[in-house]
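Numbering (the numbering used here), first residue to last: 0 to 1001.
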Ligand SMILES: [Zn+2]
């Protein structure tokens, strides 16, 4: 697992967008306030106790006396407790040593020597999150859970993994790299490179955005750890030795180089005691030599050029160049201002760079802020023509000059500060994780993490600075951009021979390694390969690991009460929640009346509806989203979801804006539409190498259910190709004419139902405003449903209507059929999927199929596809009336399809235990019971008609699943010829498939 370089602004810089708090008593935060600086607890000393009222938490900073390990606890009344330990890992070469180490420590430890305890714990716990990340300069191990016993179990496994891993040679071969016979049981088959990280990074480097971001960082900070690839350059990975890996662990994974973070409502003392006893007491202080020096500042700007593989999906084949100007921001000026500045300069249609670079259609946007010790700021373009290079450079310089001369409009600054206010109020369910990632980079370089959390202080300081000096921002731009000589201009262009060169380089590297081998080395490799295979195939004893029991799971769900009513004749679901002063509005607009030929246009319609010149005004009042959404229910099978949220005080304005969109949508601006089309097409093309498994699954499901067909139309390869086609059209008037036709079907109260989540105090007001809105947009009064007498906004308690079955075939004309599709792709790994038509959520067999998918993933597919096959991941899942197999970044293609089939035989032969079933149940329940934010309560019922009663019935069926029912459903649904299935593969040219006429090659 590797943290991807986040290219979009606002993700890496504004991490607090996911922050939230709970509307409950403040007992945990009050308890934490009783700690005092100087107090000793379990080998730690309290350094500082700070309240952070913005985020409703109390922060306690501590240091471990013996080792100097740093500790931060954020006490908050949130049950979803989080732990994270982060180590400063600063590699000085491209072998990917921190990344391979991150994988290898999770392969077994002193106390938990069984293979792969990390993956096994996924099935023995109710964790809400478990993962590990390698960033440029730190490695982080976080988990979260709502269960106290589970927290202790996971903490024990994590501490042992990080500080006392086995780091066996076999683990290194499996996770890092190895030479092995292509077929390990055949000593005459050729030797090839294998290894999980080796393949993962080959996959990662087939993503051009990733390639570019990596070069940009390496070349902007060339002189220390940021000059190398922490995840591993594929061809440098085979230079790493097992000894080097162990040495890196000894020097970096030490408490003196560690930062511990805990979050939530569990008591701090218990955490400290366990961490002291199980880990820290066994260490003495060292002086870790891991500090990163500042990058020496250049005295003149530099230019550089790199190449990438051509993109077959590029919306315009002649426009595949990327160019960026990147600035190193050396001075320690607060990240808050830099983040604001970058949003002001780049984000949204009213930003200066949007106007000078995107609107003239020179290319699509590209910008980044990276997580390094010293900040950097990048602005540039992708999807541009080579001949525009000089022009783009000039425009960037000119635009910066204009900003220095003219500054920013006050409304935009206000809109941005308002957005921060909304983000602080909005409650997500992963607050602890957001906090951990928000503070990680700064804390890693000894910045004060508590200072970062005081967001209101930053806003106030910013306002003051602007008041004292109205040219504050302009002066920053002058200093950090115009006068900055540490500037890199990096361009990237496609090279037709890129892939070929890569293949050749790998082949040369391989030959060099192979030629150096003696006959006895080769024999050794063959035997090691067999040994690995036999270890991987052995039945594993995981009994050393702690586990929750099925009896630890709550037998019943907590009920979410909703009220049903109407507003202007439209059905409305009201759900009262502690939303912290926010109001959430949704409308589901049915697609049932939409003509077939318009469906491909729906995603474009959704993004163009709010395409107006004053879009930033919207941001100052509300947050909008219009999404294509596909649901299963009796009343409507397919729809578009409109959603928006606002602070309570802006409620009338929010509905006013919706009225505006409904009554006078602007479908006349061809220029704006073209920009939108170019950006969407580019985004879709970029996503394939990262989410290839999603595209494969969507395609495989296409011919099986009406929903699957629509998913493909809206978000599959069909949509990717459609947008590419539109992007290539010289004239968009035809498309513009289509949009109002779609509007008549979608933005139509006759086809709508709505939902509101707000505090109880605000609900009546919200209902009244919604009623007004509906009256305003009623397109044709005589078409309206008769409004019952005495109505106005009405609310009554719902009378429960339990749907017994949902049908898979809502469209009577839909005929499921078998289909195998192959998409040749310019990357070296495959994404493979097979879908089988089964039953929907409400069917009595669904629970067994659900548990079955987990058993197969954990006990068979993971081993065969990842460990033996060398793919980054693979598994099975259920949903949408389908049973779906998939693999991710997979060196194999058709072989993986037969692995899917073999997994069915494996289940039917009954080679699993009661323990396996219990583990699968825990893993299913940890998903079923994952926390739901107040803004999303009641959404299952609203979107899909899944009521609490249906959920409870499903829950009881999950508890009741037995080995017999698993074997039974495997035979009945997954056996060959039992049900219609579809297959899709995205991957490099494939001779086996080409020769096989049963495949459709796209
Ligand atoms: Zn990884």
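Cβ coordinates follow ideal geometry from the N, Cα and C atoms, glycine included.
Q. Whose CA, out of 887, 175, 845, 882, lies closest to the CA of residue 1004?
A. Any answer about residue 1004 is impossible in this case: the structure gives the chain only from 0 up to 1001.
**Q.** Rounded distance between the beta-carbons of residue 731 and residue 672, thought under 8 Å
**A.** The residue given as residue 672 occupies position 673 in the chain shown. The residue given as residue 731 occupies position 732 in the chain shown. 6 Å between Cβ atoms; contact.
Q: With DSSP collapsed to three states, give me the class of residue 441.
A: The residue you call residue 441 lines up with position 442 of the chain shown. Note: residue 441 maps to helix in three-state DSSP.
Q) For ligand 1, any of its heavy atoms closer than 7 Å to the Cβ of residue 98? A) Along the chain shown, one-based indexing puts residue 98 at 99. Yes, Cβ of residue 98 sits closer than 7 Å to a heavy atom of ligand 1.
Q | Bridge partner(s) assigned by DSSP for residue 755 | A | Numbered from its first residue, the chain shown carries residue 755 at position 756. Bridge partners of residue 755: 573, 584.
Q: Please check the pair residue 875 and residue 860, which I expect to be a contact at CB under 8 Å, by giving their CB distance rounded to whole angstroms.
A: Here residue 875 refers to the residue found at position 876 of the chain shown. Here residue 860 refers to the residue found at position 861 of the chain shown. Yes, they are in contact, since the Cβ atoms of residue 875 and residue 860 sit about 6 Å apart, within 8 Å.
Q: Taking residue 63 as the reference, give the member of 57, 776, 43 with the closest Cα.
A: Along the chain shown, read from residue 1 onward, the residue named residue 63 stands at position 64. The shortest C-alpha separation from residue 63 is found at 43.
Q. Okay, do the region 966-986 and the region 827-843 touch, 3+ Cβ pairs below 8 Å being the bar?
A. yes
Q: Give a single yes or no on whether residue 196 has its beta carbon closer than 7 Å to a heavy atom of ligand 3.
A: With respect to ligand 3, the structure shown offers nothing to examine, as its ligands consist of ligand 1.
Q. Under the three-state reduction of DSSP, which class applies to residue 724: helix, strand or coil?
A. The residue given as residue 724 occupies position 725 in the chain shown. Helix.
Q: Would you list the one or two residues that DSSP bridges to residue 876?
A: As a working mapping, residue 876 is identified with position 877 in the chain shown. For residue 876, which the question treats as bridged, DSSP gives the partners 883.
**Q.** C-alpha distance - residue 719 paired with residue 208, whole-angstrom precision
**A.** Here residue 719 refers to the residue found at position 720 when the chain shown is read from its first residue. Here residue 208 refers to the residue found at position 209 when the chain shown is read from its first residue. Rounded to the nearest angstrom, the two C-alpha atoms are 17 Å apart.
Q) Looking at C-alpha atoms only, which residue of 374, 356, 363, 382 is the closest neighbour of residue 391? A) The sequence position of residue 391 within the chain shown is 392, counting from 1. Nearest of 374, 356, 363, 382 to residue 391, Cα basis: 356.
Q: Could you tell me if residue 41 is buried or exposed, where buried requires 16 or more neighbouring beta carbons within 10 angstroms of its beta carbon?
A: Residue 41 sits at position 42 when you count from the first residue of the chain shown. Answer is buried; the Cβ neighbour count reaches 16.
Q) By the 10 Å Cβ neighbour count, where 16 or more other Cβ atoms means buried, how is residue 11 classified, buried or exposed? A) Your numbering for residue 11 matches position 12 in the chain shown. Note that residue 11 has pLDDT 30, beneath the 50 cutoff, so the model's placement of it is unreliable and no number is given.
Q: Could you tell me the distance, in whole angstroms, from the CA atom of residue 1009 to the CA atom of residue 921?
A: Look at the range of the chain in this structure, 0 to 1001, and you will see that residue 1009 is not part of it.
Q) CB-CB under 7 Å to residue 83, same chain, minus the five flanking residues each way: which ones, in chain order? A) Position 84 of the chain shown, counted from the start, is the residue given in the question as residue 83. So the qualifying residues of the chain are 139, 140, 141, 260, 435.
Q. Between the region 111-124 and the region 150-162, do at least 3 Cβ pairs fall closer than 8 Å?
A. yes
(Q) Classify residue 194: buried if its beta carbon has 16 or more other beta carbons within 10 angstroms, exposed otherwise. (A) For the purposes of this step, residue 194 is taken as the residue at position 195 of the chain shown. Buried.
Q) Does ligand 1 have even one heavy atom less than 7 Å from the beta-carbon of residue 102? A) By 1-based counting over the chain shown, the position of residue 102 is 103. The answer is yes for residue 102.
Q: Look up residue 277 in the DSSP assignment and say whether it is helix, strand or coil.
A: For the purposes of this step, residue 277 is identified with residue 278 of the chain shown, where counting begins at 1. Looking at residue 277 - three-state DSSP - the assignment turns out to be helix.
Q | Cβ separation of residue 496 and residue 123, assumed to be a contact under 8 Å, to the nearest whole Å | A | In the chain shown, residue 496 corresponds to position 497, counting from 1. In the chain shown, residue 123 corresponds to position 124, counting from 1. No, residue 496 and residue 123 are not in contact; Cβ-Cβ is about 49 Å, not under 8 Å.
Q | Entirely enclosed alpha helix (DSSP H) segments - the region 11-89, minimum 4 residues | A | 26-32
(Q) Buried or exposed for residue 752, going by 16 or more other Cβ atoms inside 10 Å? (A) For the purposes of this step, residue 752 is identified with residue 753 of the chain shown, where counting begins at 1. Residue 752 comes out buried.
Q) So which of 283, 100, 524, 175 has the shortest CA-CA distance to residue 188? A) Your numbering for residue 188 matches position 189 in the chain shown. For the residues 283, 100, 524, 175, the minimum Cα distance to residue 188 belongs to 524.
Q: Apply the 10 Å Cβ neighbour rule to residue 958 and answer buried if 16 or more other Cβ atoms are within range, or exposed otherwise.
A: On the chain shown, position 959 is the one that residue 958 refers to. The residue in question, residue 958, is exposed, as its Cβ has fewer than 16 Cβ neighbours within 10 Å.
Q) Which residues bound the beta strand (DSSP E) around residue 637? A) Looking up residue 637 in the chain shown gives position 638. Run containing residue 637: 637-646, per the beta strand (DSSP E) assignment.
Q: Measure the CB-CB distance between residue 143 and residue 81 and report whether it falls below 8 Å.
A: Against the chain shown, residue 143 aligns to sequence position 144. Against the chain shown, residue 81 aligns to sequence position 82. Result yes, Cβ atoms of residue 143 and residue 81 sit closer than 8 Å.
**Q.** Member of 644, 521, 603 whose CA lies at the smallest distance from the CA of residue 580
**A.** Residue 580 sits at position 581 when you count from the first residue of the chain shown. Comparing Cα positions, the closest option is 644.
Q: Work out the CA separation of residue 841 and residue 702 for me, nearest whole Å.
A: As a first step, residue 702 must be located in the chain shown, where it is residue number 703. As a first step, residue 841 must be located in the chain shown, where it is residue number 842. About 22 Å.
Q. Would residue 119 be called buried (16 or more neighbouring beta carbons within 10 Å of its own) or exposed?
A. To locate residue 119, count along the chain shown from 1; it is residue 120. Residue 119 should be labelled buried.
Q: Return yes when the Cβ of residue 479 is within less than 8 Å of the Cβ of residue 353, no when it is not.
A: For the purposes of this step, residue 353 is taken as the residue at position 354 of the chain shown. For the purposes of this step, residue 479 is taken as the residue at position 480 of the chain shown. It is not a contact, given that the beta carbons lie outside the stated cut-off.
Q. Per DSSP, residue 326 forms a beta bridge with which residues?
A. In the chain shown, counting from the first residue as 1, residue 326 sits at position 327. Per DSSP, 376, 486.
Q) Taking the Cβ atom as the reference point for each residue, do residue 932 and residue 426 lie within a distance shorter than 8 Å? A) Residue mapping note: residue 932 aligns to position 933 of the chain shown, counting from 1. Residue mapping note: residue 426 aligns to position 427 of the chain shown, counting from 1. Yes, the Cβ-Cβ distance between residue 932 and residue 426 is below 8 Å.
Q) Under 8 Å, do residue 309 and residue 319 count as touching if we go by C-beta distance? A) By one-based count along the chain shown, residue 309 stands at place 310. By one-based count along the chain shown, residue 319 stands at place 320. Yes, the pair counts as a contact, with Cβ atoms nearer than the cut-off.
**Q.** Inter-residue Cα distance where the pair is residue 405 and residue 483
**A.** Translated into the one-based positions of the chain shown, residue 405 becomes position 406. Translated into the one-based positions of the chain shown, residue 483 becomes position 484. Cα to Cα, the separation comes out at about 20 Å.
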